[in-house]
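Worksheet: one structure, shown below.
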Amino acid sequence: MSLPATITILIEDSVSRPTLKAEHGLAFWIDTGSHCILFDTGQSQLILANANELKLDLDAVDTVALSHGHYDHCGGLADVLANAAGEVTVYAHPRALDPKYRRTETGTRAIGMSIHCRRALYEGRHNLKTVTIPTEITPGMFLTGEIPRSHPEEQSEPGYCLDAQCRQADPFLDDQALFIRTSGGTVVVLGCAHAGVINTLDYIRHLTDDQPFHAILGGMHLHSASDERIAWTIKSLQQFSVKRFYPMHCTGAKAVAALWTAFPGRCFPCGVGTTMNI
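Counting in my numbering, the sequence shown tops out at residue 589, every number present.
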């Protein structure tokens with residue numbers, strides 16, 4: 312089934328016009344006509360202000376899907392749920408709710424879902440559905456669930472941990488992407504692609520029987536990647552049939568520049584307020 316939809320960027324690290332505000336994070340508003348879905352919620356209440364400026368009615372949200380459990384993707388969840396008019400179904404990997412930490416020069420800091428957001432999930436009227444396998448959340452729109460790691464080149468960035476002492480590395484089992492079947496090909500929406508953007512696209516291509524990609528948008532987590540890793544990623548992306556790229560958030564300036572160079576006429580800027588019809 313092909314699904315027409317409109318995607319609007321509600322949270323990103325840049326803006327498309329000065330009346331909107333940016334923060335480190337991502338949130339995508341997806342309107343199918345019959346459903347209003349949020350993929351990620353940014354890190355704060357800013358999602359409410361941007362939605363108001365863009366005249367998007369968060370009361371109408373019936374579905375929230377989380378790419379993973381980091382604060383910059385789920386920090387606005389409690390406010391979204393509090394403002395929803397009805398019951399919201401929230402899709403997340405069960406490990407997305409676990410504590411998460413990042414090693415820093417001075418120790419570690421918590422980067423997972425806040426207690427406030429966890430309480431909103433468990434104590435409110437809303438419906439949490441855990442996802443580990445490919446799952447259709449509305450007709451024609453899917454979450455990947457856990458993503459197989461097929462490429463050793465896409466090692467997770469070190470320093471992400473499951474404990475405050477950073478003794479246990481985070482394997483990012485909770486990392487997932489959203490994809491939409493459209494008449495023009497598959498649209499892929501990434502959170503951070505901690506599982507690796509090529510691992511993610513390989514898996515989605517398998518799930519969609521090699522359907523070409525109409526668009527890939529979101530974070531590719533290449534901001535700290537080596538030149539070799541970026542070059543390998545570009546070469547691998549060239550093996551896919553992709554019409555349009557919208558790199559953002561944690562992709563990183565160096566990787567974004569490499570993508571624009573490698574895919575002239577197929578890479579586009581994308582900040583808060585950008586809207587696309589698919």
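In this text, a Cβ means the ideal position worked out from N, Cα and C, and glycines have one as well.
With distances taken between CA atoms, residue 349 lies nearest to 374 out of 374, 367, 364 and 363.
Checking the DSSP bridge columns, you'll see residue 420 partnered with 413. When the five nearest sequence neighbours on each side are left out, the beta carbons in the same chain lying within less than 8 Å of the beta carbon of residue 380 are those of 403, 404, 406, 407, 408, 409, 411, 423, 424 and 485, in order along the chain.
Counting only the Cα atoms, residue 334 lies some 26 Å from residue 538. Listed as beta-bridge partners of residue 446 by DSSP are 454.
Under a 10 Å Cβ-count criterion, residue 493 is classified as buried, with 16 or more other Cβ atoms of the shown protein chains found around its own Cβ. For residue 511, the three-state secondary structure derived from DSSP is helix. Using a 10 angstroms sphere on the CB of residue 549, the tally of other CB atoms stays under 16, which defines it as exposed. Closest in C-alpha terms to residue 435, from the list 459, 401 and 444, comes 401.
Minimum Cα-Cα distance from residue 583 among the listed residues 317, 371, 316 and 325 corresponds to 325.
Distances from the CA of residue 541 to each of 507, 555 and 520 were compared; the closest alpha carbon is that of 507.
Going by C-alpha positions, residue 503 is about 24 Å away from residue 430. Ranking 378, 413 and 510 by CA distance to the CA of residue 465 puts 510 first.
The shortest CA-to-CA distance from residue 428 to any of 340, 555 and 391 is the one to 391. Here DSSP, grouped into helix, strand and coil, assigns residue 316 to coil.
Around residue 359, the same chain offers 369, 390 and 394 as residues with beta carbons nearer than 7 Å, after the five sequence neighbours per side are excluded.
If you draw a straight line from the Cα of residue 452 to the Cα of residue 329, it comes to about 32 Å.
Residue 526: member of the beta strand (DSSP E) spanning 524-529, first to last residue.
Counting along the chain, no alpha helix (DSSP H) covers residue 371, and no H or E run does either. For residue 429, the uninterrupted alpha helix (DSSP H) run begins and ends at 426-434, by DSSP. DSSP lists no bridge partner for residue 361. DSSP places residue 554 inside the beta strand (DSSP E), whose first and last residues are 553-558. Check the Cα spacing between residue 483 and each of 545, 413 and 505: the tightest is with 505. Residue 523 sits away from residue 547, with the two beta carbons spaced by 9 Å or more. By the neighbour-count criterion, in which a residue is buried when 16 or more other Cβ atoms sit within 10 angstroms of its Cβ, residue 417 is exposed. A check of alpha carbon separations from residue 515 across 456, 384, 382 and 387 identifies 456 as the nearest.
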